[in-house]
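Engineer: Questions regarding the structure given below will be posed in turn.
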Amino acid sequence: MSNVSQLKRLGLFDSRVPRYTSYPPATQFKPGVNANMVSGWLDSIPEGAAISLYLHVPFCRRLCWFCACRTQGTKTLDPVIAYVDTVLAELELLRRHLPRGLRLSRLHWGGGTPTLLPPDQMRRVADAIFDVVPMAEGAEFSVEIDPSEIDAPRMAALAASGMNRASIGVQDFDPKIQEAIGRLQGFDLTAQAVDLIRSHGIASLNADILYGLPHQDRTRISETVQKLLALSPDRVALYGYAHVPWMSKRQVMIPEEALPGNEDRLSLFSTARDLFVADGYAEIGIDHFARPGDGLAVAQKAGQLRRNFQGYTDDRAEVLLGLGASSISRFPQGYAQNAPATGAYTAAVREGRLPHSRGHAFTPEDHWRGRMIEALMCDFRIDAEEMVRGYGLTPTQLQQVFDPVIGQFGNMVEVGPCGLRITPEGRPLARMVANMLDSYMAAPTSHSSAV
């Protein structure tokens with residue numbers, strides 16, 4: 002039986018499962034994790050700790066049809082400036098609870114389109130953040146940059162504010178595919194943005210592309226990857242397009258009849274992966290690639306790769322603060338999400354309340370199940386000794402967890418005294434294996450295809 006046939010028999014092409022950028026997934030967040038609970042979590046952060054911060058800017062000049070992020074269109078900058086005022090007010094609310102001596106290990110601006118901000122507002126936001134939590138030595142400040150929404154003054158403002166890693170969304174360079182997904186962004190425009198980034202001393206570059214887009218085939222994705230390789234990014238995220246028009250209404254614009262089937266999606270991923278590996282990139286987890294000297298590749302070799310809402314990271318901070326509408330914070334005690342709608346978020350902050358509206362408080366079982374799932378997603382294996390020493394599980398308990406996985410996936414996984422391991426042939430099943438360790442049930446329509 003060929004590997005594809007075995008993957009098909011095991012349900013890879015029919016399954017919808019979480020991406021497991023958190024455990025439990027955000028679809029399981031519930032009301033009840035509110036400002037009172039979160040204020041206690043904030044108060045418990047140790048003095049002098051290193052933390053991370055994510056800023057969400059939900060505005061876009063253009064709304065790409067493929068996107069399922071929490072965004073809204075705007076014709077003018079007026080709502081953007083008003084939003085900045087609210088974000089800085091939220092930051093002041095957080096300041097009241099944060100202990101002394103904190104430092105930022107990672108700062109990321111995402112969206113939406115953070116580069117929609119005018120230069121003076123970029124500097125204003127950065128200065129306000131650093132006034133509350135300064136950057137630590139060797140910290141990373143990354144920003145998602147839309148090549149159609151960047152110029153020299155804005156890039157100069159970001160560089161002056163300390164940005165040292167840029168992230169660009171490519172998706173696909175083929176004009177027919179770009180037209181089908183509502184994102185016209187030619188290679189020349191992207192190359193100009195990359196030149197602008199590097200001319201301002203930003204040496205580290207991330208790029209995102211998608212497989213599974215309408216009209217995409219092996220030839221087209223090969224051409225896109227070759228063009229992207231010419232730009233020499235340090236890291237690449239190769240995400241599968243999640244077609245969920247029942248959740249993201251703008252996706253009704255995507256021609257469903259032009260979408261590749263799930264077996265074709267696997268072929269598209271494999272084609273792109275082979276090109277990245279042939280060019281010297283290390284495979285990172287299920288969907289990332291990095292140059293050997295990049296922090297992700299170093300962390301993977303050291304067994305210190307982590308997973309969060311931005312994908313894979315080498316950040317070791319225990320606390321991630323989310324700033325802005327819909328953003329999610331992670332604490333040792335659980336997750337807390339800000340009100341997703343900009344209006345509700347703004348109203349809470351104006352009333353002087355932390356704007357958290359839902360989340361999840363961890364149970365003891367969440368901790369060990371979450372670590373198992375993260376280990377599978379990062380390293381394709383679960384270390385038995387770590388689970389026994391770090392979480393108090395017994396060998397018998399581990400065997401009870403592993404037995405159903407073996408029963409479901411057979412020779413695609415291996416279990417022994419050292420723990421559980423997904424074989425190289427079984428790695429496309431990683432999300433499905435992780436799903437068997439998930440004690441929370443969700444409707445399949447809540448998640449994207451497993452491939």
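By the count of our numbering, the sequence shown reaches residue 452 at its end, each step adding exactly one.
Glycine residues also receive a C-beta, built at the ideal position from the N, C-alpha and C atoms.
Bear in mind the structure is a predicted one, so any value in this text is a computation, not a measurement.
1. Should the stretch 14-29 be regarded as contacting the stretch 71-79, the criterion being three or more beta carbon pairs within less than 8 Å?
2. Taking the C-alpha atoms as reference points, what is the distance between G323 and G102?
3. Could you tell me the alpha carbon to alpha carbon distance between M388 and G408, rounded to whole angstroms?
4. Measure the beta-carbon distance from L43 to L89 and round it to whole angstroms, keeping in mind my assumption that it falls under 8 Å.
5. Rounded to whole angstroms, what is the Cα-Cα separation between R167 and P135?
6. Does DSSP put K302 in a helix, a strand or coil?
7. Are N339 and H357 closer than 8 Å when you measure CB to CB?
8. Since A204 and P148 should fall inside the 8 Å C-beta cutoff, what is the C-beta to C-beta distance between them, to a whole number of angstroms?
9. Give a yes or no on whether the C-beta atoms belonging to H454 and G12 are separated by under 8 Å.
10. Do F310 and Q334 count as a contact pair if the criterion is CB distance below 8 Å?
11. Under 8 Å between the Cβ atoms of L269 and Y212?
12. Assuming the contact rule is C-beta atoms closer than 8 Å, S327 and R71 should be a hit. Round their C-beta distance to whole Å, please.
13. In three-state terms, what does DSSP make of I151?
14. Skipping 5 residues on each side, what residues in its chain have a beta carbon closer than 7 Å to that of F518?
15. Using only CA atoms, which one of A83, G420, S233 lies nearest to R390?
16. Which two residues bound the contiguous beta strand (DSSP E) that contains Q338?
17. Ignore the nearest five residues each way along the sequence and tell me which others in A435's own chain have a CB closer than 7 Å to its CB.
18. On a CA-only basis, which of I182, D15, M164 is nearest Q172? Give me that one, please.
19. When the Cα atoms are used, what is the spatial distance from A259 to E145?
20. Tell me, which residues are paired with T343 by DSSP?
21. Which full runs of the alpha helix (DSSP H) of 4+ residues lie inside the stretch 393-438, going along the chain?
22. Helix, strand or coil: how does DSSP classify S6 here?
23. The alpha helix (DSSP H) spanning L263 covers which residue range?
24. So, are the CB atoms of Q18 and H448 less than 8 Å apart?
25. Looking at the structure shown, is N35 part of a helix, part of a strand, or coil, going by DSSP?
26. Within this structure, are the beta carbons of A451 and S40 separated by less than 8 Å?
27. Name the DSSP beta bridge partners of G18, please?
28. Check for me: the alpha helix (DSSP H) holding L94 runs from which residue to which?
29. For D472, which three-state DSSP category applies?
30. What does the Cβ neighbour count give for S143, buried or exposed, with the cut at 16 atoms within 10 Å?
31. What whole-angstrom Cβ distance do L105 and S45 have, given they're in contact under 8 Å?
32. Can you tell me whether L438 is buried or exposed, with buried defined as 16 or more other CB within 10 angstroms of its CB?
33. Give the single residue among P234, F30, N263, M38 whose Cα lies nearest to the Cα of G281.
34. Would you call the CB atoms of Y346 and R372 closer than 8 Å?
35. By the three-class DSSP mapping on this structure, what secondary structure does W1 have?
36. Report the partner residues of Q73 according to the DSSP bridge assignment.
Structural biologist: According to the structure data:
1. Using a Cβ-Cβ distance cut-off of 8 Å, the stretch 14-29 and the stretch 71-79 are not in contact, since fewer than three pairs of beta carbons, one from each stretch, lie closer than that value.
2. Taking the straight line joining both Cα atoms gives about 19 Å.
3. C-alpha separation (whole angstroms): 21 Å.
4. L43 to L89, Cβ: 17 Å. No contact.
5. A quick correction: the sequence has Ala, not Arg, at residue 167. Distance between the alpha carbons of A167 and P135 is about 20 Å.
6. Under the three-state reduction of DSSP output, K302 falls in the helix class.
7. Taking 8 Å as the Cβ cut-off, N339 and H357 qualify as a contacting pair.
8. Taking C-beta atoms under 8 Å as the contact rule, A204 and P148 fail to qualify, at a distance of about 18 Å.
9. The structure shown does not extend to residue 454, since the chain is modelled only from 2 to 452, so the question has no answer here.
10. Not in contact: Q334 and F310 (Cβ atoms no closer than 8 Å).
11. At a Cβ-Cβ threshold of 8 Å, L269 and Y212 count as neighbours.
12. Cβ-Cβ separation between S327 and R71: approximately 4 Å, consistent with a contact (criterion under 8 Å).
13. Of the three classes helix, strand and coil, the one that applies to I151 here is coil, per DSSP.
14. This structure leaves residue 518 out entirely; the chain is present only between 2 and 452.
15. Nearest C-alpha to R390: G420.
16. Per DSSP, Q338 belongs to the beta strand (DSSP E) from 335-339.
17. Within the same chain, A435 has close Cβ partners Y21, I374, L377, M378.
18. Among I182, D15, M164, the Cα nearest to that of Q172 belongs to I182.
19. Each residue's Cα considered, the two are about 29 Å apart.
20. Answer by DSSP bridge pairing: none, since T343 is not bridged.
21. Qualifying alpha helix (DSSP H) stretches, in chain order: 396-410, 431-437.
22. Helix at S6.
23. Note that residue 263 corresponds to Asn in the displayed sequence, not to Leu. From DSSP, the alpha helix (DSSP H) with N263 extends over 263-279.
24. Per the sequence presented here, residue 18 reads as Val, with Gln not at that position. The beta carbons of V18 and H448 sit closer together than 8 Å.
25. In this structure, N35 counts as coil in the three-state DSSP scheme.
26. No. Outside cutoff.
27. Going by the sequence as given, residue 18 is Val instead of Gly. DSSP lists S449 as partners of V18.
28. Judged by DSSP secondary structure, L94 falls within the alpha helix (DSSP H) whose first and last residues are 79-96.
29. No information on residue 472 is available, as it lies outside the stretch 2 to 452 that the chain covers here.
30. Buried, since its Cβ has 16 or more Cβ neighbours within 10 Å.
31. At roughly 18 Å, the Cβ-Cβ gap does not stay under 8 Å, so L105 and S45 are not in contact.
32. L438 should be labelled buried.
33. If we check each option's Cα against that of G281, P234 comes out closest.
34. No, they are not a contact pair.
35. A question about residue 1 goes unanswered here, because the residues of the chain that appear run from 2 up to 452.
36. Paired residue(s): F60.
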